[in-house]
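Peer 1: The opening residue of the sequence shown carries number 3 in my numbering; numbering runs sequentially from there. Ideal Cβ placement from N, Cα and C applies to all residues, glycine included.
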Amino acid sequence: MEDLTDVYNELIMEHSMNSYNKRKLEKVDYSEIGHNPNCGDEITLELKLNGNIIEDMAFNGHGCAISQASTSIMIDTLKGKSVEEAKEIIKTFIEMIKRETTEEEQLKKLEDAIAFRNVSNMPARVKCALLAWHTIEEILNKEQ
Numbered sequence: 003m004e005d006l007t008d009v010y011n012e013l014i015m016e017h018s019m020n021s022y023n024k025r026k027l028e029k030v031d032y033s034e035i036g037h038n039p040n041c042g043d044e045i046t047l048e049l050k051l052n053g054n055i056i057e058d059m060a061f062n063g064h065g066c067a068i069s070q071a072s073t074s075i076m077i078d079t080l081k082g083k084s085v086e087e088a089k090e091i092i093k094t095f096i097e098m099i100k101r102e103t104t105e106e107e108q109l110k111k112l113e114d115a116i117a118f119r120n121v122s123n124m125p126a127r128v129k130c131a132l133l134a135w136h137t138i139e140e141i142l143n144k145e146q
């Protein structure tokens with residue numbers, strides 16, 4: 003049986019190399035730059051809302067495999083969700099990375115983003131994984 007860690011690693015590598023979420027949106031409601039000075043990761047996150055539903059998201063930028071994959075998987079996870087649902091998922095992801103929550107029931111809502119669970123064991127990679135999540139959090143907090 004394949005180890006779950008291997009499945010997660012494959013998912014992260016797949017998203018870092020072939021991100022179909024790395025593109026420009028036609029119409030954008032919000033655009034925010036996220037920057038991690040520690041390693042030079044930089045992304046521009048674009049968001050299109052339909053009422054309070056996240057209709058579409060995309061990103062551009064450069065960075066390590068973890069930051070690029072985390073951004074792409076975050077987009078897949080949040081697209082189609084309401085702003086309130088998205089905020090709850092973002093909070094849970096950040097808590098998972100900071101090891102503030104390990105409750106399986108809570109983590110289920112992260113969908114594929116749970117693949118980053120072990121990043122909390124790699125302190126140098128935590129900011130890479132969180133870059134996009136903090137950036138979307140800033141956008142959604144402005145949205146109110």
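Round the Cβ separation of Ala-131 and Ile-68 to the nearest angstrom and send it over; I've been treating them as touching at under 8 Å.
Peer 2: Along the sequence shown, read from residue 1 onward, the residue named residue 131 stands at position 129. Along the sequence shown, read from residue 1 onward, the residue named residue 68 stands at position 66. Their Cβ separation, rounded to whole angstroms, is 5 Å, which keeps Ala-131 and Ile-68 in contact under 8 Å.
Peer 1: Would you mind working out which of Val-121, Asn-62, Ser-84 and Phe-61 sits nearest Arg-101, comparing C-alpha positions?
Peer 2: Locating residue 101 in the sequence shown gives position 99, where the first residue counts as 1. For the residues Val-121, Asn-62, Ser-84 and Phe-61, the minimum Cα distance to Arg-101 belongs to Val-121.
Peer 1: Flag this pair as yes or no: are the beta carbons of Asn-11 and Leu-133 separated by less than 8 Å?
Peer 2: Translated into positions along the sequence shown, residue 11 becomes position 9. Translated into positions along the sequence shown, residue 133 becomes position 131. In this structure, Leu-133 does not lie closer than 8 Å to Asn-11 by Cβ.
Peer 1: Between the alpha carbons of Leu-142 and Glu-105, how many angstroms are there, rounded?
Peer 2: Counting from one through the sequence shown, the residue named residue 142 turns up at place 140. Counting from one through the sequence shown, the residue named residue 105 turns up at place 103. Distance between the alpha carbons of Leu-142 and Glu-105: 25 Å.
Peer 1: I think Leu-80 touches Thr-94, with their Cβ atoms under 8 Å apart; what is that distance to the nearest whole Å?
Peer 2: Within the sequence shown, the letter at position 78 stands for residue 80. Within the sequence shown, the letter at position 92 stands for residue 94. Contact doesn't hold; Cβ gap of about 12 Å is too wide.
Peer 1: Quick one: is Ala-60 buried, meaning 16 or more other Cβ sit within 10 Å of its Cβ, or exposed?
Peer 2: Numbered from 1 along the sequence shown, position 58 holds the residue referred to as residue 60. Buried.
Peer 1: Could you check what DSSP says for Tyr-10 in three-state terms: helix, strand or coil?
Peer 2: Stepping through the sequence shown from its first residue, residue 10 is reached at position 8. Reduced to three states, the DSSP call for Tyr-10 is helix.
Peer 1: Around the Cβ of Ala-71, are there at least 16 other Cβ atoms within 10 angstroms (buried) or fewer (exposed)?
Peer 2: For the purposes of this step, residue 71 is taken as residue 69 along the sequence shown, with counting starting at 1. Buried, by the Cβ-count rule.
Peer 1: Measure the alpha-carbon distance for Cys-41 versus Gly-63 and round it to whole angstroms.
Peer 2: Taking the first residue of the sequence shown as 1, we reach residue 41 at position 39. Taking the first residue of the sequence shown as 1, we reach residue 63 at position 61. When rounded, the distance between both Cα atoms is 13 Å.
Peer 1: Out of Gly-53, Lys-26, Leu-47 and Ser-74, which one is the CA nearest neighbour of Glu-140?
Peer 2: By 1-based counting over the sequence shown, the position of residue 140 is 138. Checking every option, the nearest Cα to that of Glu-140 belongs to Leu-47.
Peer 1: Does the distance from the CB of Ile-14 to the CB of Ala-117 come in under 8 Å?
Peer 2: Within the sequence shown, residue 14 is the residue found at index 12, counting from 1. Within the sequence shown, residue 117 is the residue found at index 115, counting from 1. In this structure, Ala-117 lies closer than 8 Å to Ile-14 by Cβ.
Peer 1: Closest by CA to Thr-7, which one among Ala-115, Trp-135, Ser-84 and Tyr-22?
Peer 2: The residue given as residue 7 occupies position 5 in the sequence shown. Checked all of Ala-115, Trp-135, Ser-84 and Tyr-22; the closest Cα to Thr-7 is Ala-115.
Peer 1: Where Ile-138 and Ile-75 are concerned, what is the direct C-alpha to C-alpha distance, given to the nearest angstrom?
Peer 2: For the purposes of this step, residue 138 is taken as residue 136 along the sequence shown, with counting starting at 1. For the purposes of this step, residue 75 is taken as residue 73 along the sequence shown, with counting starting at 1. Taking the straight line from one Cα to the other gives about 13 Å.
Peer 1: Once DSSP output is grouped into helix, strand and coil, what is the label at Asp-43?
Peer 2: Start at 1 with the first residue of the sequence shown, and residue 43 comes out as number 41. Asp-43: strand per DSSP, three-state reduction.
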